[in-house]
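Here the sequence shown stands for residues 0 to 344, where the numbers follow numbering that gives the first Met the number 0.
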Amino acid sequence: MNPITLIIIYLTILMGPVITMSSTNLLLMWVGLELSLLAIIPLLINKKNPRSTEAATKYFVTQATASMIILLAIILNYKQLGLWVFQQQTNPLLLNITLIALSMKLGLAPFHFWLPEVTQGIQLHTGLILLTWQKIAPLSMLIQNYYLLDHTIIMIFSILSIFIGAWGGLNQTQMRKIMAYSSIAHMGWMLAILPFNPTMTLLNLMIYIILTIPMFLVLMFNSSTTMNSISLMWNKTPTTLIMIPLILLSLGGLPPLTGFLPKWAIITELLKNNCLIMTTMMAMMALLNLFFYTRLIYSTTLTMFPTNNNSKMLTHHTNHKYNIILPSLTIISTLMLPLSPQLII
């Protein structure tokens, strides 16, 4: 693709969520959502094959439907109240359909079916943008209007997302689908705490992005998209064998790694608000997530599969462009728990 075109596309992707986050006007928020939607479509179809075209079509249809529903709610709210913001007087039906539409954009269960398929059909670097940066704009709209939304619907969506994210990842061998189901589960955790403490939702999002970036960089570094290919890393890049278990265990929320911090904070806050049954179910589903991360660690580091070249390492053939950023991101994603008192305060 033309470098100037790529710069324009990436700038638009960057500006979309920024416009949504910095606006109080609902129409401007919607414009930010549309910018990020339209800008990422060329990146989705950049790889010329039927699978990427199918992924781009699924993504566009789903996101355009959600955008249309949001715009409908905004216009009806303006017709009723004469305001471009949601208020206490806003019709609850409009708030509920806005919540459903934003859940579609985030890929929350039961509107999650598009996310694993789209992530599987695109390139790794585009998948990273889809699972991290593209989540910011819809979440910012939810955070700005959290006190008006129906808490019961939020809780149903969050617990469904945690269940689907845990069960869906169990029988997957494709790394991109595993990361997509991981994203669904993490979004469920973020939504669960939203009615009680939206600041903690932001903390969870920040840590999720910090954990997801190094995982995708490892996959891009080795061009690994399946469990079979990730199991051959010991022969290509032995140094990543240290990074992968740490990042995966942190994603699973195992103490004393960084990923334990948001789960610990969310469980504590939910228990303060007497959500005992929900907290128990969430903790149990987190064990399922940890199980399939552990399965990945086992196939990567604890088994040695036969290869055509067992006599020497192939590290001198690899691309070293991530050599500076990857170790530093891995350190942040595993050693930030000691800073938790300062972060939570």
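Even for Gly, the Cβ is constructed at its ideal location relative to N, Cα and C.
Going by the beta-carbon positions, is the gap between LYS104 and ALA54 smaller than 9 angstroms?
-> no
Just how far apart, CA to CA, sit THR278 and LEU148?
-> 21 angstroms
The region 114–123 touching the region 171–186, judged by at least three CB pairs closer than 8 angstroms = yes
Segments of 4+ residues assigned as alpha helix (DSSP H) that fall wholly inside the region 225–254 | 226–229, 232–235, 239–251
What are the uninterrupted segments assigned as alpha helix (DSSP H) that are 4 or more residues long and contained completely in the region 263–307, given in chain order?
-> 275–300
For the alpha helix (DSSP H) that ILE74 lies in, which residues bound it at each end?
-> 49–80
Report buried or exposed for THR89, applying the criterion of at least 16 other Cβ atoms within 10 angstroms of its Cβ.
-> buried
Contacts around GLN62, its chain only, beta-carbon distance under 7 angstroms, and the 5 residues preceding and following it disregarded | LEU36, LYS104
Local conformation of MET335 per DSSP, three classes | coil
From MET219 to PRO213, what distance separates their C-alpha atoms?
-> 10 angstroms
Should LEU13 be labelled buried (16 or more other beta-carbon atoms within 10 Å of its own) or exposed?
-> exposed
THR239 to ARG294 span [Cα, whole Å] = 16 angstroms
Ordered along the chain, which non-local residues of its own chain (more than five positions away) have a Cβ less than 7 angstroms from that of LEU286?
-> none
Terminal residues of the continuous alpha helix (DSSP H) containing HIS150?
-> 150–167
Close-in-space but distant-in-sequence residues of the same chain around GLN86 (CB under 7 angstroms, 5 per side omitted) = LEU80
Give the single residue among MET186, THR200, GLN173, THR172 whose Cα lies nearest to the Cα of TYR145.
-> THR200
To the nearest angstrom, report how far apart ILE265 and LEU159 are at their CA atoms.
-> 17 angstroms
Are the beta-carbon atoms belonging to GLY206 and ILE152 less than 9 angstroms from one another?
-> What sits at residue 206 in the sequence shown is Ile, not Gly. Cβ distance not < 9 angstroms, so ILE206 and ILE152 don't count as in contact.
Just curious, the alpha helix (DSSP H) that VAL30 is in, first and last residue?
-> 25–43
Take ALA191 and list the residues in its own chain whose beta-carbon comes closer than 6 angstroms to its own, dropping the five residues that flank it on each side.
-> SER157
Note down the Cα distance separating SER139 from THR19, rounded to an integer number of angstroms.
-> 7 angstroms
So MET0 is in the alpha helix (DSSP H); what residue range does that whole segment cover?
-> No alpha helix (DSSP H) contains MET0, which DSSP labels as neither H nor E.
Consult DSSP for GLN133 and reduce its assignment to one of helix, strand or coil.
-> helix
Option nearest GLN171 by Cα separation, candidates MET189, THR224, LEU94, GLN143 | THR224
Under 7 angstroms Cβ to Cβ from PRO41, same chain only, skipping five residues before and after it: list those, please.
-> ILE8
What is the rounded straight-line gap between the Cα of LEU82 and the Cα of THR23?
-> 11 angstroms
In the structure shown, what three-state DSSP assignment does GLN171 receive?
-> coil
Coil, strand or helix - THR198 by DSSP = helix
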